[in-house]
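Colleague:
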Ligand code: CO
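In the working numbering, the protein residues as written are 136 to 426.
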C-alpha cells in the first residue's frame with residue numbers, strides 16, 4: 136500500500152470514529168430516528184467526505200441493514216439497544232465502524248461485543264487465520280453468557296469495494312483466510328440474547344447497483360442516473376429524494392440492476408449488540424483506523 140492510499144484510509148478512519156462518537160451522543164429517549172440519521176450523514180458530507188453506505192440504525196433484535204426511511208416516525212424508547220454502523224469513504228477508501236447505545240440495562244451485552252472486538256484485534260498479524268479471530272470472538276461472547284451471531288461476518292475492504300476477502304467469522308472455524316501485511320478489513324462481532332442466527336425481514340431500505348443493464352421505464356432510468364456516482368456502493372431509497380421512484384425499485388432488482396439488503400434480525404424480543412473497527416495489517420500486528 137503506498138503512502139497516499141494509507142493516508143486516505145487513516146483520514147477516513149479518524150473522521151468515521153469522531154462522527155460516530157459524537158453522533159451516538161444524540162441518541163436519547165424521544166429523539167427521532169430520521170433526525171439522528173440525517174444529522175450524522177450530513178456531518179460526513181460537511182467534512183468533504185462521502186458515505187460508504189447509508190448510516191445503518193438497527194434496533195433491538197434487528198442486527199443490521201435498517202436505516203431511517205423518508206418519513207420515518209419512529210423514536211427511541213426506554214430499554215432500546217441501538218446499533219449505529221457508519222461507513223466513510225475518501226476517494227473510495229473505506230472506514231467501517233459501529234457502536235451500540237444502550238437505553239436500558241444492557242451494559243453486559245454491550246461489553247460482550249466490544250470485548251470480543253478487542254480480543255479479535257489482538258489476534259491480528261501476518262500469518263494469523265481469520266478462523267483464529269472468529270474463535271477469539273466466540274470465546275469472549277460465550278464466556279459472558281451470550282451468543283455470537285454466526286451468519287454475520289467482518290469483511291475485507293478495497294477501493295469502492297465493501298465486501299471482499301478475507302471474511303472474518305464471528306465463530307471459531309478451521310482455517311479461513313490467512314492474513315497478510317497490507318490487508319484492510321473490518322471486524323464486527325455481534326452479541327445476542329437470541330438464537331445467534333439472523334433472518335431477513337420484509338423491510339428493505341438499502342440497495343446497491345450490480346450492473347447497468349438498459350431499462351425502459353423512465354423512473355428506473357432516473358434511479359440509475361442518480362446512483363451512478365455511488366460506484367456500486369450501497370444507497371438508501373431515502374437518498375433518491377422522490378418516493379414516487381420507489382415503485383421502480385422492484386423491477387430494477389428483477390432485471391439484475393440492483394441488489395437489496397433486507398433488514399437482518401435475530402428472534403423477536405431478543406437484543407443484539409455490535410462493535411466494529413477497520414484495521415490495516417502491519418508487519419507485526421495492525422493499525423486500527425477507526426479508533
Ligand atoms: Co462492516
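Heads up, the beta-carbon is just placed ideally off N, CA and C, and yes, glycines get one too.
Going by alpha carbons, who is nearest to residue 289 out of 328, 386, 259 and 320?
Modeller: For this step, residue 289 is matched to residue 154 along the chain shown. Ranking the options by Cα distance to residue 289, first place goes to 320.
Colleague: Can you tell me where the alpha helix (DSSP H) holding residue 172 begins and where it ends?
Modeller: Residue 172 sits at position 37 when you count from the first residue of the chain shown. Residue 172 -> alpha helix (DSSP H) spans 168 to 181.
Colleague: Kindly indicate the opening and closing residues of the alpha helix (DSSP H) around residue 142.
Modeller: Translated into the one-based positions of the chain shown, residue 142 becomes position 7. 138 to 159 is the extent of the alpha helix (DSSP H) around residue 142.
Colleague: If you reduce the DSSP assignment to three classes, tell me which class residue 222 lands in.
Modeller: Within the chain shown, the letter at position 87 stands for residue 222. Reduced to three states, the DSSP call for residue 222 is strand.
Colleague: For residue 300, which of helix, strand or coil comes out of DSSP?
Modeller: By one-based count along the chain shown, residue 300 stands at place 165. Here residue 300 sits in strand by DSSP.
Colleague: In the DSSP assignment, find the unbroken alpha helix (DSSP H) run with residue 274 in it and report its ends.
Modeller: Taking the chain shown and counting its residues from 1, the one referred to as residue 274 is at position 139. First-last of the alpha helix (DSSP H) with residue 274: 265 to 278.
Colleague: Is residue 411 near the ligand CO, going by C-beta to nearest heavy atom under 7 Å?
Modeller: For the purposes of this step, residue 411 is identified with residue 276 of the chain shown, where counting begins at 1. Yes - the ligand CO has a heavy atom lying nearer than 7 Å to the Cβ of residue 411.
Colleague: For residue 349, does the count of other Cβ atoms within 10 angstroms reach 16, so buried, or fall short, so exposed?
Modeller: Here residue 349 refers to the residue found at position 214 when the chain shown is read from its first residue. By the neighbour-count rule (16 or more Cβ atoms within 10 Å), residue 349 is not buried but exposed.
Colleague: In whole angstroms, what separates the C-alpha of residue 189 from that of residue 169?
Modeller: The sequence position of residue 189 within the chain shown is 54, counting from 1. The sequence position of residue 169 within the chain shown is 34, counting from 1. One C-alpha to the other measures close to 12 Å.
Colleague: Am I right that residue 303 and residue 322 are in contact with their C-beta atoms under 8 Å? What's the rounded C-beta distance?
Modeller: As a position in the chain shown, residue 303 is number 168, starting the count at 1. As a position in the chain shown, residue 322 is number 187, starting the count at 1. Rounded, the Cβ-Cβ distance is 5 Å, consistent with contact.
Colleague: Ordered along the chain, which non-local residues of its own chain (more than five positions away) have a Cβ less than 7 Å from that of residue 357?
Modeller: For the purposes of this step, residue 357 is taken as residue 222 along the chain shown, with counting starting at 1. 380.
Colleague: Pick out whichever of 371, 272, 422 and 161 has its Cα sitting closest to the Cα of residue 238.
Modeller: In the chain shown, counting from the first residue as 1, residue 238 sits at position 103. The candidate whose alpha carbon is nearest that of residue 238 is 161.
Colleague: Using a Cβ-based criterion (distance less than 7 Å to any ligand heavy atom), does residue 323 qualify as near the ligand CO?
Modeller: Against the chain shown, residue 323 aligns to sequence position 188. Flag set: Cβ of residue 323 near the ligand CO.
Colleague: At a threshold of 7 Å, does residue 290 count as lining the ligand CO (C-beta to nearest heavy atom)?
Modeller: Numbered from its first residue, the chain shown carries residue 290 at position 155. Yes, the ligand CO has a heavy atom inside 7 Å of this Cβ.
Colleague: Contact defined as beta carbons within less than 8 Å: I believe residue 402 pairs with residue 324. What is the distance between those atoms, to the nearest angstrom?
Modeller: Residue mapping note: residue 402 aligns to position 267 of the chain shown, counting from 1. Residue mapping note: residue 324 aligns to position 189 of the chain shown, counting from 1. Actually they do not touch by this definition, with Cβ atoms about 19 Å apart.
Colleague: Is residue 293 near the ligand CO, in the sense that its beta carbon is under 7 Å from a heavy atom of that ligand?
Modeller: Translated into positions along the chain shown, residue 293 becomes position 158. No, the ligand CO has no heavy atom inside 7 Å of this Cβ.
Colleague: For the ligand ADP, is there any heavy atom lying closer than 7 Å to the beta carbon of residue 231?
Modeller: With respect to the ligand ADP, the structure offers nothing, as its ligand set consists of the ligand CO.
Colleague: Where are the alpha helix (DSSP H) runs, 4 residues long or more, that stay fully inside the stretch 358 to 425, in chain order?
Modeller: DSSP runs (the alpha helix (DSSP H)) wholly in the stretch 358 to 425: 384 to 389.
Colleague: Of the residues 235, 389 and 270, which one's Cα is nearest the Cα of residue 407?
Modeller: One-based indexing of the chain shown puts residue 407 at position 272. Here the closest residue by C-alpha is 235.
Colleague: Give the DSSP-derived three-state secondary structure of residue 287 in the structure shown.
Modeller: Locating residue 287 in the chain shown gives position 152, counting from the first residue. In the structure shown, residue 287 sits in coil (DSSP, three-state: anything other than H, G, I, E or B).
Colleague: Could you check the C-alpha separation between residue 175 and residue 185 for me, to the nearest Å?
Modeller: Here residue 175 refers to the residue found at position 40 of the chain shown. Here residue 185 refers to the residue found at position 50 of the chain shown. C-alpha separation (whole angstroms): 12 Å.
Colleague: Would you list the residues sitting across from residue 339 in a DSSP beta bridge?
Modeller: Along the chain shown, read from residue 1 onward, the residue named residue 339 stands at position 204. DSSP, once it has assigned bridges, lists 397 as partnering residue 339.
Colleague: Starting from residue 164, follow its DSSP beta bridges and name the residues at the other end.
Modeller: Translated into positions along the chain shown, residue 164 becomes position 29. DSSP output for residue 164 lists no bridge partner at all.
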